[in-house]
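Protein chains: 4
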Amino acid sequence: MIIVFKPNISQKDEAAVLKAIKRLGYRPHIMRGVARTGGGAIGDELKNKSLESLITLFPQAVESVMPVQKRFKLVSREAHPTNSTVKVGDLVIGGRKIHIMAGPCSVESEGQLLTTALAVKAAGATLLRGGAFKPRTSPYEFQGLGERGLKLLAKARKETGLAVITELLSEDHAEMVSHYADIIQIGARNAQNFQLLIAAARTGKPILLKRGLSARIEEWLLAGEYVLANGNPNLMFCERGIRTFETYTRNTLDLSAIPIIRNESHCPIVIDPSQGSGRADLVIAMCKGAVAMGADALLIEVHPNPAEALSDGAQQLSPQAFAQLMSELKPFIEAAGRE
Amino acid sequence: MIIVFKPNISQKDEAAVLKAIKRLGYRPHIMRGVARTGGGAIGDELKNKSLESLITLFPQAVESVMPVQKRFKLVSREAHPTNSTVKVGDLVIGGRKIHIMAGPCSVESEGQLLTTALAVKAAGATLLRGGAFKPRTSPYEFQGLGERGLKLLAKARKETGLAVITELLSEDHAEMVSHYADIIQIGARNAQNFQLLIAAARTGKPILLKRGLSARIEEWLLAGEYVLANGNPNLMFCERGIRTFETYTRNTLDLSAIPIIRNESHCPIVIDPSQGSGRADLVIAMCKGAVAMGADALLIEVHPNPAEALSDGAQQLSPQAFAQLMSELKPFIEAAGRE
Amino acid sequence: MIIVFKPNISQKDEAAVLKAIKRLGYRPHIMRGVARTGGGAIGDELKNKSLESLITLFPQAVESVMPVQKRFKLVSREAHPTNSTVKVGDLVIGGRKIHIMAGPCSVESEGQLLTTALAVKAAGATLLRGGAFKPRTSPYEFQGLGERGLKLLAKARKETGLAVITELLSEDHAEMVSHYADIIQIGARNAQNFQLLIAAARTGKPILLKRGLSARIEEWLLAGEYVLANGNPNLMFCERGIRTFETYTRNTLDLSAIPIIRNESHCPIVIDPSQGSGRADLVIAMCKGAVAMGADALLIEVHPNPAEALSDGAQQLSPQAFAQLMSELKPFIEAAGRE
Amino acid sequence: MIIVFKPNISQKDEAAVLKAIKRLGYRPHIMRGVARTGGGAIGDELKNKSLESLITLFPQAVESVMPVQKRFKLVSREAHPTNSTVKVGDLVIGGRKIHIMAGPCSVESEGQLLTTALAVKAAGATLLRGGAFKPRTSPYEFQGLGERGLKLLAKARKETGLAVITELLSEDHAEMVSHYADIIQIGARNAQNFQLLIAAARTGKPILLKRGLSARIEEWLLAGEYVLANGNPNLMFCERGIRTFETYTRNTLDLSAIPIIRNESHCPIVIDPSQGSGRADLVIAMCKGAVAMGADALLIEVHPNPAEALSDGAQQLSPQAFAQLMSELKPFIEAAGRE
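Here you go:
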């Protein structure tokens, strides 16, 4: 920890702060500057208490307290210098191949799901997405088919060979969802629902962790730390747009998250341009940017008839538009040296 | 729903959109303007599908789709024109008396809790706050005492007569927490954890629902709608600051939420200036503003020794500072015509 | 400056960084911690270059660089421990009396301005606001009456005795506006238009500096520093809402700016609840909060007929509503120990 | 305009609102829905007053007022369906070739500028950037060399053949800057300094208009409208990151601005990844994304010795890193079908 004192601090106050630093488990180290005196509090910040309360305790003496250690360990690249990969059956996410996870926002019916699954497979997708439990802003909106939706996903997997990714909403469903899913998705609204993260981690299934609606990257990494610290190394981060003041898009897709997660962490990074923009007409451009910047996978909403969708119709692609996207993406995947 | 067409839309496209509107359960109504043609889609928006997908389906014809109905019903003032109150034993929240809920961020020990409880009671608080289950950004931070913390809260209630408010973090703990608590708090990180909201609502205990880190007021009202729609009318909204770009404060306390919640809803509104600023030195001014603007209750963190707190030391008041606050608040409570 | 090294930095890299620190004018000071090595770069940060470029120069060695000095001097409370006041004729802003600056968003006509001026004076205002040059988002919106508007303001001052505050938009108008105005307002869109700030400062007239649409408080203080550093000590800060994701209000009025500016600076703080919410129905509650939290003055839009206003009709009060506001504010002004 | 009435509005109130709509220049049109009555106010929104004040005038009757027309005209794609290009000498921006504008943040000396100019030209840049007037957050930071900087830019153009882009800060310098520059840059802090925009437009030089720190895309387009409405068709929009809560980057580069500006406007779109991230190590990835998503040009900061830079050292590339960037970009430029 770095402590910065106020100017003209008295010797008595300085001594009292140094004593408090010691009592809180750190070794103080004074540094007299030109305009300010400051100092270090030497000790392991992850094991000791934060010293930020010194500002409250000594308002006349302490101006600011700054931690210096990174708060995440297991997800950090320091802990694991090479890229880690997540294996889902025969698929390897985080390797040379860019994987496309596609399918409807919500599972609505067998026909809807199977039509979509066959179409996205034909166009090159390797994983099928589809929500069986839907977190909806209003209690009056469609909440998903529940276990029946999971069964339809399993059936579509059997018929197409696509692996299945679906969202977990409730700790009580962790076992049930893990029974049907190949990857468990934790959604943006639950990005700091730590109890759910722990329950999901303990299933042992690969976890795709979406960034919270306004999560700082550090918070997102720390949420991921909950997964690894609970014994599950199969973690992927998924950027899906953050909340800003802009109104043209539903969210602002923060593509800079790709190089930053790559720098800070060894885990794969996935981009969701559908949630990330809320507008089907922006999805193709977003995907090109994501691939060029180093995304390991894309998560894309596709619906056989977006206008009839029970949720988020405005951001789902038709199968035709999805096939077009896959074709337009090819040169960028090659330019990125990926498959 | 209001539909705005693009300029120079063809007759064929217009007919196709109108047909789609009908198929989706609405009655179309055309309105030819000077620069744009638009129209209404007449029907109950809460029962029919959203028409936003028309933008995707007819990109050459439809420019925008705007809902006109409010999406929340039970929490709205239209549904219940007079203020509702929440009864907690003998206490009435939302009536003439402004209630002060005070206590430590986390329950740490019997001594810490009881000292605080006695001090805040002496200064005029009527409810004791204290976290037994703590949602922490990092898995390496103190996670709370769990059920032992709840038992200490019950003991402090017995010794002081203060009612108890504490946070629920997990659906699986709903029964346990409701056994000990007088009010169940849903924290900002779980503000859209709808499964938790439903579990909390079903306990029948009064619910204090914090605003999410970057929740729009409409989303917050809709989260409250989950509580009332699950049979629990005892809901309080609690503003605790929203996330902005400002760095002087941990969050930006949005005091305009007070008059807005008062306009839109009949439920009581509570202000949390401790989380709302993250700085003990700002709490007094924030409380004065909240009282002047019509808050029904304040939720304030108090710790016998903030510098030794196991969580959020920088924002907890000492008992002395709390007593000072209570004394400085008095003239503003009177000016507001409250007790 | 504080420098934090990456873990496992080589001795050679460390030596190179220390050499660079010296070359850039600082004295290095090493501090070996448990998990990280860091150090101080001792020297005056306001006179030397920032060391942030060390991150670029030594990406393998330097993790972060943190300044420790405050960047503002003349506006800081350290420079001037007691409150400063701004004198406008006989009026003293920043003293015991809370001043009300009221009037139309735009000056539209002699009748409109004079009617308003008489009404706000009768209700207790001491200053008349009114825009003669209007910064409008669109070039097709009403841009103000220009010098004719300034002349009408001067006439209204003559007839009512109210002092005049009006906005300066262009360096080329600094002399003209200062000829007619008692206080020069710098608007939110020009809050970092430093050339305009310098031109305004040099007129010698008191300056009311609005916070930028998304200005951090530090940036706002530094913009104020441009005024004092150009020889004009008569500065007031004016909070007028910041831009957030919320859509119920046009801006989010950040009332915590009041105690923060009071802590950091000696200059008076003014609140503009009209711009700060964009909704006339929220203005009264906002004013009560502002007064309770320590505002020195309020800037309020009043129009004889808001529905006919040439700009911002939705946020202007009628004279009746303004009189009602003044009456409701009284007990809060007394509770705050002000006049 | 669309007007939505409150539920249970009285006939008398409805009649009064309709009368007011007529008086304000629109033709009312009633539409009775299931849960709400609403209506249109038919008339040209760009020529008539906004009706938002009806909310203030009839608070018991009017719930919301929504404009339906786009507020920008000349910059819109509707006004000019094909892409427009900006010619700078022999260069065509907005055509098939992607242009690279590179150079130092600030012009510091002849040696610094010329070294950089030769290096960026050798690597493939076609335009030289460099600030002679610098808008600095603090008055104590380096403010640029002024006209001497402009002369050095002109000299570098003569020696390298690179066209010159530089920022205009003051209306009073419009003539001087246009004398030396090939493109005039309007910076983010002046993005709604309309007087400066008008002065810049009137020089007739091509204008590069940066997005404001937290400008909505609509506001940015309207600021551009000021340029075209003042007789200058040579406008480029430049995205440079928006302000969010994220702290890993200085700004959040909003690459979705590329497809949105392409949809809404005919003007070229330029990306500034240096300001957009504030970190040299992210610039390469950002550039790849920008090119893949359709940017017409990139604006990149390059300094012969970033650690010694007088401004923004942390985000400037060395000439070596810039050459590396140009080489890595090539396959993405080809994949985008550009040169």
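Chains A, B, C and D are the protein sequences, given in the same order. For the first sequence, position 22 (counting from the first letter as 1) is numbered 22 according to the working numbering, and the numbering increases by one without interruption. For the second sequence, position 165 (counting from the first letter as 1) is numbered 504 according to the working numbering, and the numbering increases by one without interruption. For the third sequence, position 54 (counting from the first letter as 1) is numbered 732 according to the working numbering, and the numbering increases by one without interruption. For the fourth sequence, position 141 (counting from the first letter as 1) is numbered 1158 according to the working numbering, and the numbering increases by one without interruption. The C-beta atom is built at its ideal place from N, Cα and C for all residues, glycine as well.
Just the chain D side, please: which residues come within less than 8 Å of residue i by C-beta, in chain order?
| i | result |
| --- | --- |
| ARG375/B | VAL1085 and GLN1086 |
| GLY379/B | MET1048, GLY1050 and GLY1055 |
| ARG582/B | PHE1262 |
Using a Cβ cut-off of 9 Å (strictly closer), state whether residue i contacts chain C.
| i | result |
| --- | --- |
| ARG541/B | no |
| GLY1330/D | yes |
| THR454/B | no |
| SER50/A | no |
Would residue i count as contacting chain D if we go by Cβ distances under 9 Å?
| i | result |
| --- | --- |
| PHE142/A | no |
| ASP383/B | yes |
| GLY839/C | no |
| ASN305/A | no |
| GLN873/C | yes |
| ILE258/A | yes |
| MET286/A | yes |
| GLU336/A | Note that residue 336/A is Ala in the sequence shown here, rather than Glu. True, the Cβ-Cβ gap to chain D drops below 9 Å. |
Are there 16 or more other CB atoms within 10 angstroms of the CB of residue i, so buried, or fewer, so exposed?
| i | result |
| --- | --- |
| ASP768/C | exposed |
| ALA653/B | buried |
| ASP312/A | buried |
| ALA859/C | buried |
| GLY1306/D | buried |
| GLY470/B | buried |
Using beta carbons (cut-off 9 Å, strictly below), is residue i in contact with chain B?
| i | result |
| --- | --- |
| ASP950/C | no |
| ILE895/C | yes |
| PRO1024/D | yes |
| VAL969/C | yes |
| ILE1019/D | yes |
| SER1294/D | no |
Please report the Cβ distance between residue i and residue j, rounded to the nearest whole angstrom; I am assuming they are in contact, meaning their Cβ atoms lie under 8 Å.
| i | j | result |
| --- | --- | --- |
| VAL766/C | PRO884/C | 6 Å |
| PRO1009/C | ALA674/B | 4 Å |
| ASN251/A | GLY278/A | 6 Å |
| ALA462/B | ALA662/B | 4 Å |
Closer than 9 Å, CB to CB, is residue i near chain A or not?
| i | result |
| --- | --- |
| ASN1100/D | no |
| LEU491/B | no |
| SER742/C | yes |
Give the residues of chain A in contact with residue i, contact being defined as C-beta atoms less than 8 Å apart.
| i | result |
| --- | --- |
| ILE864/C | The premise fails here: ILE864/C is roughly 22 Å from chain A at the closest Cβ pair, so nothing lies under 8 Å. |
Quick one: list the residues of chain A neighbouring residue i, beta-carbon separation under 7 Å, in chain order.
| i | result |
| --- | --- |
| PRO478/B | GLU225, TYR226 and ALA229 |
| GLN531/B | PRO135 and ARG189 |
| LEU552/B | SER214 |
| ALA359/B | ALA307 |
Should residue i be listed as close to the ligand MN, given that the test is whether its C-beta is under 8 Å from any heavy atom?
| i | result |
| --- | --- |
| ILE556/B | Judged by which ligands are present, the structure shown has none, so any question about the ligand MN falls away. |
Residues of chain C with CB closer than 9 Å to the CB of residue i, please, in chain order.
| i | result |
| --- | --- |
| GLU78/A | LYS684, PRO685 and ASN686 |
Would you mind telling me which residues of chain D sit closer than 7 Å to residue i, beta carbon to beta carbon, in chain order?
| i | result |
| --- | --- |
| GLU942/C | Ordered by position in chain D, no residue passes the 7 Å Cβ test against GLU942/C, which lies about 15 Å from the chain. |
List, in chain order, every chain C residue whose beta-carbon is nearer than 7 Å to that of residue i.
| i | result |
| --- | --- |
| LEU594/B | LEU933 and GLY967 |
- Query: Would you say the stretch 945–953 of chain C touches the stretch 906–919 of chain C, given that touching needs at least three Cβ pairs under 8 Å?
  - Reply: Segments in contact, yes.
- Contact the stretch 711–719 of chain C vs the stretch 53–70 of chain A: 3+ CB pairs below 8 Å: Counting Cβ pairs under 8 Å, three or more are found: they touch.
- Item | Stretch-stretch touch, CB-based, cutoff 8 Å, three pairs: the stretch 1155–1168 of chain D with the stretch 1109–1121 of chain D | Taking one beta carbon from each stretch, the stretch 1155–1168 of chain D and the stretch 1109–1121 of chain D have fewer than 3 pairs nearer than 8 Å; the two do not touch.
- Query: Looking at C-beta atoms only, is the number of pairs between the stretch 824–831 of chain C and the stretch 1018–1030 of chain D that lie closer than 8 Å three or more?
  - Reply: Output reads no: the stretch 1018–1030 of chain D does not touch the stretch 824–831 of chain C.
- Query: Is it true that the stretch 385–397 of chain B meets the stretch 543–557 of chain B, where meeting means three or more beta-carbon pairs spaced less than 8 Å apart?
  - Reply: These segments do not touch.
- On the three-pair Cβ rule with 8 Å, is the stretch 551–563 of chain B touching the stretch 900–912 of chain C? They do not touch, by the three-pair rule.
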